[in-house]
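Enquirer:
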Amino acid sequence: MSEHKRTRLPGTGKSVKRACLSCGMQHQEAAPEIADRAQDPVCIKCDSPMFSLSDGSTLTVDIAHHHETVVKALDKFELVLNQVWQQSHAENMRLIVGGGLIRDAVLAELFFKKSRGTVLDYSEENRGAVLIRIR
Ligand SMILES: [Zn+2]
């Protein structure tokens, strides 16, 4: 596995500093987007996957309370979903969606993302918040 060659995926040029959750070794990784989660690079020291291990935490992000349009809120959702994937080890993301059109659009998008395996599961915590399991 130490000779493992990393192919660069389109659109994943940005590299991030990342510590292996299992052994703590620091890496500078080209960060795959969550949609490409199947191509999870492994730690060169201990072979643990670099992005899919979870620390059990939940991060909360509000995408609906700054007068966002539905389109803007969906853009923000894509952005934070990738950020949480690339920059944390969180198990869940709690998305504050409000009770209106943004919520409906996000739920439709999540149905699609779950069917593709991009997110593992999701549930409505209450009218205004969706809990999304990403690891
Ligand atoms: Zn490691």
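Here the sequence shown stands for residues 0 to 134, numbered as in numbering that gives the first Met the number 0. Yeah, the Cβ is synthetic: ideal placement off N, Cα and C, and Gly gets one too. Treat the numbers as computed from the prediction; the structure is a model and nothing was measured.
Quick check: the Cα distance between Asp61 and Val96, rounded to an integer number of angstroms?
Expert: Start at 1 with the first residue of the sequence shown, and residue 61 comes out as number 62. Start at 1 with the first residue of the sequence shown, and residue 96 comes out as number 97. Near 7 Å, if we compare the C-alpha coordinates of Val96 and Asp61.
Enquirer: Ignore the nearest five residues each way along the sequence and tell me which others in Gln85's own chain have a CB closer than 6 Å to its CB.
Expert: Mapped onto the sequence shown, residue 85 falls at position 86. Same-chain partners within the cutoff: Val15, Ala30.
Enquirer: Name the residue from Arg17, Ser56, Gly55 whose alpha carbon lies nearest to the alpha carbon of Pro40.
Expert: Counted from its first residue, the sequence shown places residue 40 at position 41. Looking at the Cα atoms, Arg17 is the closest of the given residues.
Enquirer: Over what stretch of residues does the beta strand (DSSP E) that includes Ile133 continue unbroken?
Expert: As a first step, residue 133 is located in the sequence shown; it is residue number 134 there, counting from the start. Ile133 -> no beta strand (DSSP E), and no H or E assigned at all.
Enquirer: In the DSSP assignment, find the unbroken beta strand (DSSP E) run with Arg139 in it and report its ends.
Expert: Absent from the structure is residue 139, since the part of the chain shown begins at 0 and ends at 134.
Enquirer: Using 8 Å for Cβ pairs, my map puts Asp54 next to His88. What's the rounded Cβ distance?
Expert: The residue you call residue 54 lines up with position 55 of the sequence shown. The residue you call residue 88 lines up with position 89 of the sequence shown. Indeed they touch by this definition, with Cβ atoms about 4 Å apart.
Enquirer: Work out the CA separation of Met92 and Ala72 for me, nearest whole Å.
Expert: The residue labelled residue 72 in the question sits at position 73 within the sequence shown. The residue labelled residue 92 in the question sits at position 93 within the sequence shown. Distance between the alpha carbons of Ala72 and Met92 is about 15 Å.
Enquirer: Please find out if some non-hydrogen atom of ligand 1 comes closer than 7 Å to the beta-carbon of Ser47.
Expert: Translated into positions along the sequence shown, residue 47 becomes position 48. Under cutoff, so the answer is yes.
Enquirer: On a CA-only basis, which of Asn81, Phe76, Leu20 is nearest Ile101? Give me that one, please.
Expert: Looking up residue 101 in the sequence shown gives position 102. Closest option to Ile101, Cα to Cα, is Phe76.
Enquirer: Taking the alpha carbon of Glu90 as the point to measure from, which residue in Ala128, Ala37, Val118, Asn125 has its own alpha carbon closest?
Expert: Numbered from 1 along the sequence shown, position 91 holds the residue referred to as residue 90. Per the Cα distances, Val118.
Enquirer: With DSSP run on the structure shown, which of helix, strand or coil describes Lys16?
Expert: The residue given as residue 16 occupies position 17 in the sequence shown. It is a strand residue.
Enquirer: As a quick exercise: from Ser114, Arg115, Leu58, Asn125, pick the residue whose alpha carbon is nearest that of Gly98.
Expert: Taking the first residue of the sequence shown as position 1, residue 98 is located at position 99. Gly98 has its Cα closest to that of Asn125, out of Ser114, Arg115, Leu58, Asn125.
Enquirer: Out of Phe50, Ala104, Ile43, Asp46, which one is the CA nearest neighbour of Ala37?
Expert: For the purposes of this step, residue 37 is identified with residue 38 of the sequence shown, where counting begins at 1. That would be Phe50, whose Cα lies nearest to the Cα of Ala37.
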